[in-house]
Amino acid sequence: MLTSCRSDAPTKPVDDETKPGGGGARSEVRVQLNEVATLDEPVAFAVHPSGPSPVYIAEKGGRVRALDVNGEGSASEQPDSVLDVSDEVSTGSEQGLLGIAFHPTGTRLYANFTNRAGDTRVVEYPFADGKADKSQARTLLAVDQPFANHNGGHLVFGPDKMLYIGLGDGGSGGDPQGNGQKLSTLLGKILRIEPTASGYSAPTDNPFVAKPVEGARPEIWHFGLRNPWRFSFDRANGDLWIADVGQDEWEEINHVDGDKGGINFGWNRREGKHRFLGAEVADAVDPEIELSHSDGNCSVTGGYVYRGAKIAALTGKYVFGDFCRGELMAASGGRASELGAKVENLAAFGQDADGELWALSLNGPVYRLVGAS
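Residues in the sequence shown are numbered from 3 upward in steps of one, following the working numbering.
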């Protein structure tokens with residue numbers, strides 16, 4: 003089971019096999035946090051294709067809120083409720099409303115949540131006039147979850163306008179069902195699909211559509227993942243960055259070409275670069291960054307490559323953190339360093355229409371990153 007580093011704090015998908023400690027190289031780039039709002043367990047962030055404001059934030063309990071912000075990132079009014087599925091959502095420590103994304107046309111909102119039975123549902127809602135129409139909800143994808151943890155939950159429309167969906171390995175510990183390496187299940191994968199009027203299709207250039215493998219699911223884009231807790235495309239070059247939560251010792255950040263599918267990241271044969279269970283996988287790709295639990299890490303939270311205009315020295319660096327340590331980090335050239343700002347119970351990052359970055363604390367605060375004065 004996964005818990006916060008604080009026994010009295012709410013939880014996001016993190017492991018309870020954690021160790022105390024901290025540390026990390028200090029970056030020459032320093033950032034500060036401007037608190038914009040306080041919400042109820044904010045856990046996911048999205049922007050609408052129509053413009054920079056409002057930004058949309060999902061609360062773990064089942065609501066999506068629209069937050070109007072001015073040019074400096076300050077909230078101008080109380081956030082509006084855009085969607086409320088709290089009556090449909092399970093709320094265990096790793097369950098809830100876990101991801102949201104807008105269709106590139108802006109006419110549909112997608113939500114990834116665990117239903118009352120604890121199973122994953124990706125649901126599509128018509129979106130107009132700032133509201134999602136719950137009465138016309140359509141379940142796009144349904145995945146049974148064998149355990150309560152490792153649900154993944156992230157949703158992203160890529161540069162190719164396809165919908166990418168992150169799913170954990172199904173939970174428990176050590177992937178007892180071997181789902182990470184099993185191509186007949188959607189668990190432990192990043193999926194790539196195209197929503198259609200009748201449901202969805204698997205694009206013809208998906209790896210197991212272009213080159214079929216017996217029993218392999220056509221929706222699979224990447225596999226060998228334990229619990230991908232946030233992934234993003236670099237808006238400058240399309241590269242894909244994936245943060246994958248570790249088991250006993252290692253958190254990892256993976257960095258690959260965004261248009262190259264079929265990559266095996268190794269779980270559960272390996273944790274990070276290290277042998278974990280069973281025979282080694284010959285084609286497993288090494289992570290770009292490893293984070294040791296001995297340094298106080300427990301559950302990596304993926305972010306974005308910075309492409310904004312307000313923190314020039316951060317341009318091109320991948321910003322991320324860890325739920326327990328909370329230190330914001332920047333990675334470049336396979337090395338990570340601290341940015342001098344900390345978010346308690348760091349649940350997610352966001353990237354707004356201008357490329358500026360946000361950070362969400364499961365405790366409630368919503369922050370915008372700015373350069374240190």
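A virtual CB, placed ideally from N, CA and C, is assigned to each residue, including glycine.
Between which residues of its own chain and residue i is the CB-CB distance below 7 Å, once the five residues before and five after are set aside?
i             : result
aspartate 288 : Lys275
glutamine 97  : Thr116, Gly120, Ala150, Asn153
alanine 204   : Ile195, Val211, Pro220, Glu221
glutamine 179 : Pro148, Gly172
glycine 23    : Low local confidence applies: a pLDDT of 32 at glycine 23 is under 50, so the model's placement there is unreliable, and no value is given.
lysine 133    : Val84
serine 9      : In this prediction, serine 9 has a pLDDT of 32, which is less than 50 and means its spatial position is unreliable; what the coordinates show is noted afterwards. Hits under 7 Å: none found.
Under a three-way DSSP split, which group does residue i fall into?
i                 : result
proline 51        : coil
histidine 295     : helix
glycine 25        : Confidence at glycine 25 is low in this model, with a pLDDT of 47, below 50, so the placement of that residue should be treated as unreliable; the coordinate-derived value is given next. Coil.
alanine 284       : coil
lysine 191        : strand
glycine 94        : coil
leucine 229       : Position check: residue 229 holds asparagine in this sequence, whereas leucine was assumed. Correct three-state label for asparagine 229: coil.
glycine 182       : helix
lysine 262        : coil
lysine 136        : helix
alanine 349       : strand
alanine 315       : helix
cysteine 7        : Note that cysteine 7 has pLDDT 36, beneath the 50 cutoff, so the model's placement of it is unreliable and the number below is only indicative. Of the three classes helix, strand and coil, the one that applies to cysteine 7 here is coil, per DSSP.
histidine 105     : coil
aspartate 356     : coil
arginine 277      : strand
glutamate 253     : strand
glutamate 196     : strand
alanine 119       : coil
threonine 206     : coil
alanine 144       : strand
phenylalanine 267 : coil
valine 215        : coil
proline 44        : strand
arginine 272      : strand
phenylalanine 235 : strand
What residue does the beta strand (DSSP E) around residue i start on, and which one ends it?
i                 : result
phenylalanine 129 : 122-130
tyrosine 58       : 57-61
lysine 344        : 337-344
tryptophan 223    : 222-225
alanine 361       : 359-363
isoleucine 167    : 165-169
aspartate 246     : 242-246
valine 321        : 320-324
aspartate 86      : 82-86
glycine 305       : 302-307
leucine 111       : 110-116
arginine 370      : 367-373
valine 38         : 33-40
glycine 201       : 201-203
valine 66         : 65-69
phenylalanine 159 : 157-159
serine 334        : 329-334
What is the residue span of the alpha helix (DSSP H) that residue i lies within?
i           : result
proline 209 : 209-212
Can you find the residues in the same chain that come closer than 8 Å, C-beta to C-beta, to residue i, ignoring five residues on each side of it along the sequence?
i             : result
glycine 328   : Lys344, Val345, Glu346, Asn347, Leu348
valine 57     : Phe47, Ala48, Val49, Ala68, Leu69, Val71, Gly352, Asp354, Trp360
aspartate 135 : Tyr127, Pro128, Phe129
valine 283    : Gln183, Gly226, Asn266, Gly268, Arg271, Arg272
glycine 366   : Thr40, Leu41, Asp42, Glu43, Pro44
aspartate 382 : Nothing in the structure corresponds to residue 382, since the chain is present only between 3 and 375.
aspartate 241 : Phe235, His257, Val258, Asp259, Gly260, Val307
Going by beta carbon distance, what residues of the same chain come within less than 6 Å of residue i, once the five residues before and after it are set aside?
i              : result
serine 334     : Lys319
proline 12     : Here the model assigns proline 12 a pLDDT of 37, short of 50, so the residue's position is not dependable, and the following value carries that caveat. Within the same chain, proline 12 has close Cβ partners Glu43, Leu364.
isoleucine 313 : Gly373
glutamine 2    : Outside the displayed range of the chain (3 to 375) lies residue 2, so it cannot be described from this structure.
arginine 140   : Glu126
alanine 238    : Arg309
asparagine 114 : Leu100, Gly101, Val124, Gly155, Leu157
glutamine 138  : Pro128
leucine 169    : Gly154, Leu188, Leu189, Lys191
glutamate 292  : Trp252, Glu254, Gly274
leucine 316    : Val31, Tyr308
leucine 35     : Ala343, Tyr369
Would you please state the rounded distance, in angstroms, between the beta carbons of residue i and residue j? I believe it to be under 8 Å.
i                 : j              : result
glycine 263       : asparagine 208 : 6 Å
aspartate 171     : glycine 190    : 4 Å
leucine 111       : glycine 64     : That pair is no contact at about 14 Å.
leucine 188       : valine 145     : 5 Å
phenylalanine 104 : proline 161    : Contact flag wrong, Cβ pair sits at about 15 Å.
threonine 303     : aspartate 324  : 6 Å
Examine the ligand PLP and report whether any of its heavy atoms sits within less than 7 Å of the Cβ of residue i.
i          : result
lysine 133 : Within the structure as shown, the ligand PLP is missing, as the structure has no ligands at all.
For the stretch 203-219 against the stretch 227-235, are there 3 or more C-beta pairs whose distance is under 8 Å?
The answer is no - the stretch 227-235 does not touch the stretch 203-219, with fewer than three Cβ pairs under 8 Å.
The stretch 285-303 touching the stretch 195-208, judged by at least three CB pairs closer than 8 Å:
No: fewer than three Cβ pairs fall under 8 Å.
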